[in-house]
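**Q** Quick one: structure below, then a few questions.
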Amino acid sequence: MRGAAARRMWCAALGALLCMLGAAANDTKVTTSDGGLALANNGALVASGIVAGVVLIVVGFFFNYFGYRLLKLLIFLAGFSAVFGLVLYAEYKIRAPLDTEHARQLWYLGIAAALGALGGACVLFAYKVGVALVGALGGFALATWILAMQTNGVIHSDVGRALFIAALVVAGIVAALFIQRPAVIVASAVWGSYVLFVGIDCFARTGFQYTALAFLSTPGAVYETTPKVYAMIACMALSALLGIFAQFRLTRKPKASFIPL
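For the sequence shown, counting from 1, position 122 maps to 115 in our numbering; every step adds exactly one.
See the structure below:
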């Protein structure tokens, strides 16, 4: 009976997600420049965008709806996501690929993924570090979601944006380490929803995927709010709420020991 209820819940979640995607899946005009991840000059999808989109959707969906249920996998993916993001950011900061340099884009993704997998494996041996990373990722996603409400960010100062993001990242870490289960569920759902819709935007092409890159002052990243972007922002919030509800339902009987020592 409980399994049937869980299946109905996931069907409802998937149905709601598909309905939300309808608001963002139509063609839209997006400004691209050097450093774009998913689009060529003519707006067509390129290999790096397809690969990135598929991986982000899969990882984001797991974080969003299954995070705390599979804690070890969550810890691994938290380490993977953190290292992957930092490496990719450093690569684009050092030398952002041109729109026509599709091979370089794929190399960047491959190198970041390999180092991310190594980072995830290392974090498996340090659970508290992994839990802290989940909180940090959730705080980063929440900060990005708030900043995305306005073109070029609600906070226009580079220093101000950096301090705001850092503050929410630290708050996420502290909450995950001390509040534990509820904070990890909320953080994983928020981060997962953000990653999920960044992946979807590799195909929907609203411009939402440029939020983090633009707010971290990555060369070539341009972010502008449009009705389609606001639809993505709203969909992300709704998906995060669905994920929080689903994870609490799936983990109503918490494990006796949250962090193996």
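Cβ atoms here follow ideal geometry from the backbone N, Cα and C, with glycine treated the same way.
1) Taking contact to mean 3 or more Cβ pairs, one atom from each stretch, closer than 8 angstroms, check whether the segment 128 to 141 and the segment 158 to 168 are in contact.
2) Around the Cβ of valine 152, are there at least 16 other Cβ atoms within 10 angstroms (buried) or fewer (exposed)?
3) Please work out which residues of its chain come closer than 6 angstroms, Cβ to Cβ, to glycine 109, disregarding the five sequence neighbours upstream and downstream, and give them in chain order.
4) Can you find the residues in the same chain that come closer than 8 angstroms, C-beta to C-beta, to leucine 117, ignoring five residues on each side of it along the sequence?
5) Thinking C-alpha only, which one of Leu140, Arg88, Leu49 and Ala125 is nearest phenylalanine 171?
6) Within 10 Å of its beta-carbon, does alanine 96 have 16 or more other beta-carbons around it, so buried, or fewer, so exposed?
7) Does the Cβ of alanine 249 have 16 or more other Cβ atoms within 10 Å, making it buried, or fewer, making it exposed?
8) Terminal residues of the continuous alpha helix (DSSP H) containing glycine 132?
9) Could you give the distance in angstroms between the alpha-carbon of serine 181 and the alpha-carbon of phenylalanine 59?
10) Could you tell me the alpha carbon to alpha carbon distance between cysteine 228 and alanine 114, rounded to whole angstroms?
11) Could you please give the first and the last residue of the uninterrupted alpha helix (DSSP H) stretch that includes phenylalanine 196?
12) Taking the Cβ atom as the reference point for each residue, do serine 232 and serine 186 lie within a distance shorter than 9 angstroms?
13) Anyone know if the C-beta pair for threonine 219 and threonine 204 falls short of 9 angstroms?
14) Pull up the CB-CB distance for tryptophan 138 and isoleucine 226, whole angstroms please, since I reckon it's below 8 angstroms.
15) Apart from the five residues on each side of it in sequence, which residues of its chain come closer than 6 angstroms, Cβ to Cβ, to leucine 243?
16) Just the C-alpha distance for alanine 169 and valine 127, rounded to the nearest angstrom, thanks.
17) Nearest CA to the CA of glutamine 143: which residue from Phe54, Leu91 and Tyr223?
18) Considering Cα atoms alone, identify which of Gln173, Phe241, Gly236 and Val167 is closest to alanine 129.
19) Rounded to a whole number of angstroms, what is the C-alpha to C-alpha distance between isoleucine 87 and leucine 99?
20) If you run the structure through DSSP and keep just helix, strand and coil, what is arginine 242?
21) Looking only at its chain, what residues have a beta carbon closer than 7 angstroms to the beta carbon of valine 179, apart from the 5 residues adjacent to it on each side?
**A** Let's see:
1) yes
2) exposed
3) Phe73, Val76 and Phe77
4) Lys65, Ile68, Phe69, Gly72 and Gly123
5) Ala125
6) exposed
7) Low confidence applies here, because alanine 249 scores a pLDDT of 45, under 50, leaving its location unreliable; read the following figure in that light. Classification of alanine 249: exposed, given that the 10 Å Cβ count is below 16.
8) 120 to 140
9) 9 angstroms
10) 32 angstroms
11) 174 to 197
12) yes
13) no
14) 7 angstroms
15) Arg62
16) 7 angstroms
17) Tyr223
18) Val167
19) 16 angstroms
20) helix
21) Gly131 and Ile237
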